[in-house]
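Residues -16 to -1, 1 to 319 in mature numbering (1 follows the signal peptide of the UniProt record, and there is no 0) are what the sequence shown lists, from first letter to last.
All C-beta atoms in this analysis are idealised placements derived from N, C-alpha and C, irrespective of residue type, glycine included.
Below is one structure, written out as structure tokens, with a few remarks after it.
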Amino acid sequence: MLRCLLLAACGAAVAGQACGAAGAAPAASLTVSGWCGGAAFVSEEALLGSECLSSEMVPADAVCAAMNMRWWAAAKALLPRLASDGRPAVRSHAQAVKDGSAGLIGLVRRGGSDAGLLVRPAVSWAQSHEAVHVRVRFSPKKHGPVSASKIESPEVRVGAAAIGFSAHARSVNSGKRLDFRLELPLNASIDEESSTHALAPGRLTFRLAKAEPGQRWKALAASPGEGEAIEYGHVGAWFEEQERLDGEAKKRKAAREKSEAKAKEAAEAKGGEGEKPAPASPTPPSSRKAAAGRSKRSKGRGGKGPTAPAGFLQTLQQAWDRLRAWLFGTAFRVS
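As structure tokens, this is what we get:
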């Protein structure tokens, strides 16, 4: 018969325990120092039939020992007589038993092994003029077999030519252990000192500063060499992030062009002020008097401008009279 380890319950002394053969009732004895005269109980029935259940207060050690022996009926019978100061210890011990049993049941359901399932998470990316933005998702589907809302022991690595990530988690659907692993060689170099990353529920994001700002990456991951293993999942475009980055770039360009136009206008205005013509020299006094005389004569004629000489008008009138006489045969006296 296989012998078992001695169990210590809440500091109690439990001796003489042994595991029976498969299918047989376990042969064991339970003794708690300072309770019930140190009596040894070899079975749950013996404990239930004793006067110790009603004659005195039950210490927490006795209840914990009964739980360890799987004497659930006896443990329930002892609880009403449990001393008040022993309740926290019993509650803590019962929770530990429950957690251990639940973990064992889950392990049995998963086939008896707690080995984790290796997961290569999916990756999406976008880029701007100065940086590459990368998203690693732990929950590609809400109820998928490899979805995890909370990860444990995350490790993030950022190098000049590669990024890496590892963590453990439990599937939100099956409870199976998941081991996330990512090793992604980059298509171009980055400035690791200026790069950052952030963890959030269900995802990990990177902002990788380009070593050469303005360089347009054709792909995120470098092509693997012959015989090299690919240690990352599907790599796709991060469309919504790319749209956001493009929109910000357009706004910055428009603001820059507007600022340059204002600066150009200001420079032209400043240059125009420097090219103003010099003020005219003052008119001599004699010229001012002559101009004043001409102005007075013009006003005396009603402001109609210069008139023809009188002799010219008389000659013109005589010519007109002769023309009329010739045309109409009527002689006009010319004075």
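#### Entry: Alpha-carbon spacing of residue 26 relative to residue 38, whole angstroms
Taking the first residue of the sequence shown as position 1, residue 26 is located at position 42. Taking the first residue of the sequence shown as position 1, residue 38 is located at position 54. Spanning the two alpha carbons is a distance of roughly 19 Å.
### Message
On the DSSP bridge list, what partners appear for residue 146?
### Response
Locating residue 146 in the sequence shown gives position 162, counting from the first residue. Paired residues: 169.
### Query
Is the stretch 109 to 123 in contact with the stretch 222 to 239, if contact means three or more CB pairs nearer than 8 Å?
yes
#### Entry: Straight-line gap, residue 114 to residue 175 (C-alpha atoms, nearest Å)
As a first step, residue 114 is located in the sequence shown; it is residue number 130 there, counting from the start. As a first step, residue 175 is located in the sequence shown; it is residue number 191 there, counting from the start. Roughly 10 Å separates the two Cα atoms.
### Message
On the DSSP letters alone, give me the boundaries of the beta strand (DSSP E) that residue 176 sits inside.
### Response
As a position in the sequence shown, residue 176 is number 192, starting the count at 1. Looking at the DSSP string, the run of the beta strand (DSSP E) that includes residue 176 is 174 to 184.
### Task
Please report how far the alpha carbon of residue 158 lies from the alpha carbon of residue 131, in whole angstroms.
In the sequence shown, counting from the first residue as 1, residue 158 sits at position 174. In the sequence shown, counting from the first residue as 1, residue 131 sits at position 147. Going by the C-alpha atoms only, they are around 10 Å apart.
### Task
Note the first and the last residue of the continuous alpha helix (DSSP H) segment covering residue 31.
For the purposes of this step, residue 31 is taken as residue 47 along the sequence shown, with counting starting at 1. It spans 28 to 33 - the alpha helix (DSSP H) in which residue 31 sits, taken as one unbroken run.
### Query
Is it true that the stretch 213 to 222 meets the stretch 233 to 253, where meeting means three or more beta-carbon pairs spaced less than 8 Å apart?
no
#### Entry: Same chain only: Cβ atoms within 7 Å of residue 28, ignoring 5 sequence neighbours per side
Looking up residue 28 in the sequence shown gives position 44. So the list reads 55, 57 and 58, once near-sequence residues are dropped.
#### Entry: Residues near residue 191 in its chain [Cβ-Cβ closer than 7 Å; skip 5 each side]
Here residue 191 corresponds to residue number 207 of the sequence shown, with the count starting at 1. Hits under 7 Å: 115, 117, 179 and 180.
#### Entry: DSSP state of residue 208 mapped onto helix, strand, coil
Position 224 of the sequence shown, counting from 1, holds the residue named residue 208. Here residue 208 sits in coil by DSSP.
### Query
Does the stretch 60 to 76 touch the stretch 42 to 49, meaning 3 or more C-beta pairs lie closer than 8 Å?
yes
### Query
Are residue 151 and residue 167 touching if we call contact CB-CB under 8 Å?
The count along the sequence shown starts at 1 and reaches residue 151 at position 167. The count along the sequence shown starts at 1 and reaches residue 167 at position 183. Cβ atoms of residue 151 and residue 167: not closer than 8 Å.
### Query
If you draw a straight line from the C-alpha of residue 205 to the C-alpha of residue 141, how long is it?
For the purposes of this step, residue 205 is identified with residue 221 of the sequence shown, where counting begins at 1. For the purposes of this step, residue 141 is identified with residue 157 of the sequence shown, where counting begins at 1. Approximately 15 Å, taken between the alpha carbons.
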